[in-house]
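Participant: Have a look at the structure that comes next, please.
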Amino acid sequence: MIRTETAWVLLFAGLIFLWALVLGVWKWQAMTTSPDGLAHPYVDIAHRAALLYSFATGLIAWFVELSGWPTAVNATAAGAIIALFVVTIANYIRLGLQRETDNQMRNPPPSMRFVLAALIIGEIGGFCVLLVGFAVEQLA
24 MIRTETAWVL LFAGLIFLWA LVLGVWKWQA MTTSPDGLAH PYVDIAHRAA
74 LLYSFATGLI AWFVELSGWP TAVNATAAGA IIALFVVTIA NYIRLGLQRE
124 TDNQMRNPPP SMRFVLAALI IGEIGGFCVL LVGFAVEQLA
């Protein structure tokens with residue numbers, strides 16, 4: 024039997040993968056109706072990011088399962104990473120629907136620096152917590 028927090032992370036991995044499959048249908052539909060046969064760049068990016076993040080979330084589940092930290096620490100670290108993955112995919116979808124840019128870093132709003140800092144700290148920091156928890160438990 025796996026830990027409850029691992030099961031939740033795997034559920035989110037599956038939901039993100041399902042989301043990626045649905046985004047693949049959107050991408051395919053956009054490609055078939057486009058004169059150049061291409062979907063908007065952010066439709067493509069949303070699809071690919073969701074695929075990658077689903078498998079990354081599955082990997083995170085293993086680190087949660089094998090970490091020596093308490094449940095609350097593992098769940099918080101994994102939850103932060105997954106929440107940031109979901110927000111990122113949702114942002115790519117928004118950009119794909121709006122079709123206003125093909126590069127969100129061109130003329131970014133002032134808040135972009137904060138958003139990027141939160142992504143960097145949340146994703147890297149959250150994973151470092153899980154990686155250290157794994158190392159402490161499995162290699163000590």
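Just so we're aligned: 163 in our numbering is position 140 of the sequence shown, and the numbers increase by one with no gaps anywhere. Don't be surprised by glycine CBs; every beta carbon is placed ideally from N, CA and C. These numbers were taken from a predicted model, which means no experiment stands behind them.
(1) Here's the rule I'm using: 16 or more other beta-carbon atoms within 10 Å means buried, otherwise exposed. How should Trp51 be labelled?
(2) Which complete alpha helix (DSSP H) runs does the stretch 117-152 hold, if anything under 4 residues is left out?
(3) If you reduce the DSSP assignment to three classes, tell me which class Arg26 lands in.
(4) Please list the terminal residues of the continuous alpha helix (DSSP H) segment that includes Asp67.
(5) Is it true that the stretch 66-80 meets the stretch 41-48, where meeting means three or more beta-carbon pairs spaced less than 8 Å apart?
Facilitator: According to the structure shown:
(1) Walking along the sequence shown from the start, residue 51 turns up at place 28. Label assigned to Trp51: exposed.
(2) 135-142
(3) Counting from 1 along the sequence shown, the entry for residue 26 is found at position 3. The answer is coil: DSSP assigns Arg26 none of H, G, I, E or B.
(4) As a position in the sequence shown, residue 67 is number 44, starting the count at 1. Residues 64-89.
(5) yes
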